[in-house]
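Colleague: FYI, numbering that gives the first Met the number 0 numbers position 223 of the sequence shown as 222, with every residue one higher than the one before it.
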Amino acid sequence: MSTLTINDLHVSIEDKEILKGVNLTVKTGEVHAIMGPNGTGKSTLASALMGHPKYEVTQGSALLDDADLLELEVDERARAGLFLAMQYPQEVSGVTNSDFMRQALKAVSGKDVPLIKFIMDYERYASELKMREDLPHRYLNEGFSGGERKRNEILQLKTLKPKFAILDEIDSGLDIDALRIVGENVNDMVSPDFGCILITHYQRILDYIKPTHVHIMINGKIVLSGGSDLIEKIDQSGYEWVKEELGIDF
Ligand code: ADP
Ligand code: MG
Ligand code: MG
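Okay, here's the thing in structure tokens:
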């Protein structure tokens, strides 16, 4: 079992404080949904944990088991077992999906993966995600629809098998069928060796991926944590009631 421990994390972008003390502990086997209105710092949390240079950690800590993530470079964080599925996956022309994936797997695992095994796994995962058969030969995300990009992120996740994944709005741009496919594939990964943080502002992906914990982030802080009952409440009443419930203004 592994644990991701985020303690009093403060993060600034261009000297503006966005995260104002985030506390979160995630164990493998758990799924934590982080919900909240637009602009409250959800993607900032994801980017800061992955080590995006634009996001400056000014206070606090983030550990993956004993590893101090904040001391590690981006590639070292990936090798430590952290994966980020981005809200806006980029396209890279001239690099095929399968070449990209094989290189990434080699970099993260530190091992040369036998080509035959790689291809067999990759094609199986792609078919579980109902992706086009010519996927391995297409350039990375080039000409991909929003939904294809998101499924490609999950394909990377399935291939790399990290300890923890942060899935940032993996549900946006997905139609109902793609949502179910993505949801089921992520759900299947949850195990004693894998946990995830699911960032979303819709409840619909949570029909497929059942979170063990739900957190509401507002104005750079997790202001409320609970179980799936919170999802229903947000679905019915939005976030306004949180203010009243907590008696705070944000
Ligand atoms: P969320 O994911 O919850 O919608 P974000 O983390 O994307 O929120 O953004 C939080 C705040 O940080 C917003 O005010 C946003 O404008 C600002 N912000 C996020 N990323 C950047 C960036 N790269 N440069 C400047 N400001 C940013
Ligand atoms: Mg947003
Ligand atoms: Mg975001």
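Idealized CB from N, CA, C, for every residue including glycine.
Since we're looking at a predicted model, the values are computed, not measured.
When the Cβ atoms of the region 31–43 are set against those of the region 220–238, are three or more pairs found closer than 8 angstroms?
Modeller: Flag = yes, the region 31–43 and the region 220–238 touch.
Colleague: Select from R131, M49 and S171 the residue whose C-alpha is nearest the C-alpha of Q86.
Modeller: Per the Cα distances, S171.
Colleague: Roughly how many angstroms separate the alpha carbons of S227 and Q102, rounded to a whole number?
Modeller: Near 38 angstroms, if we compare the C-alpha coordinates of Q102 and S227.
Colleague: Let me make sure I understand the geometry here. Which of I17, H9, T24 and S11 has the alpha-carbon closest to that of C195?
Modeller: Nearest option by C-alpha distance: T24.
Colleague: Could you give the residue range of the beta strand (DSSP E) that holds D64?
Modeller: Where D64 is concerned, there is no enclosing beta strand (DSSP E), given that its DSSP letter is neither H nor E.
Colleague: With DSSP as the reference, identify every bridge partner of F163, one or two as the case may be.
Modeller: For F163, which the question treats as bridged, DSSP gives the partners L81 and G194.
Colleague: From which residue to which residue does the beta strand (DSSP E) around M216 run?
Modeller: Start and end: H212 to I217.
Colleague: By a C-beta neighbour count over all protein chains shown, 10 Å radius and 16 as the cutoff for buried, is E147 buried or exposed?
Modeller: Looking at its Cβ environment, which holds 16 or more other Cβ atoms inside 10 Å, E147 is buried.
Colleague: With 16 other CB atoms within 10 Å as the buried threshold, where does N184 fall?
Modeller: Buried is the call here.
Colleague: Measuring from the CB of Q86, is there a heavy atom of ligand 3 at a distance below 6 angstroms?
Modeller: Yes, the Cβ of Q86 comes within 6 angstroms of a heavy atom of ligand 3.
Colleague: Closer than 6 angstroms to a non-hydrogen atom of ligand 1 - does that hold for the CB of N218?
Modeller: Flag unset: Cβ of N218 not near ligand 1.
Colleague: Please go through the same chain and pick out, in chain order, the residues whose beta-carbon is closer than 6 angstroms to the beta-carbon of A177, but skip the five residues on each side of it.
Modeller: If we look at A177 and ignore the five residues flanking it on each side, its Cβ neighbours are G146.
Colleague: Tell me, please, which residues DSSP counts as bridged to Y54.
Modeller: The partner list for Y54 (beta bridge, DSSP) reads I12.
Colleague: Measuring alpha carbon to alpha carbon, tell me which residue in K162, I233 and D187 is nearest T2.
Modeller: T2 has its Cα closest to that of K162, out of K162, I233 and D187.
Colleague: Rounded to whole angstroms, how far is the Cβ of I198 from the Cβ of I33, which I believe are closer than 8 angstroms?
Modeller: Between I33 and I198 the Cβ distance is about 5 angstroms, and since that is below 8 angstroms, they are a contact.
Colleague: When the distance is taken between beta carbons, is E127 closer than 7 angstroms to S92?
Modeller: In this structure, E127 does not lie closer than 7 angstroms to S92 by Cβ.
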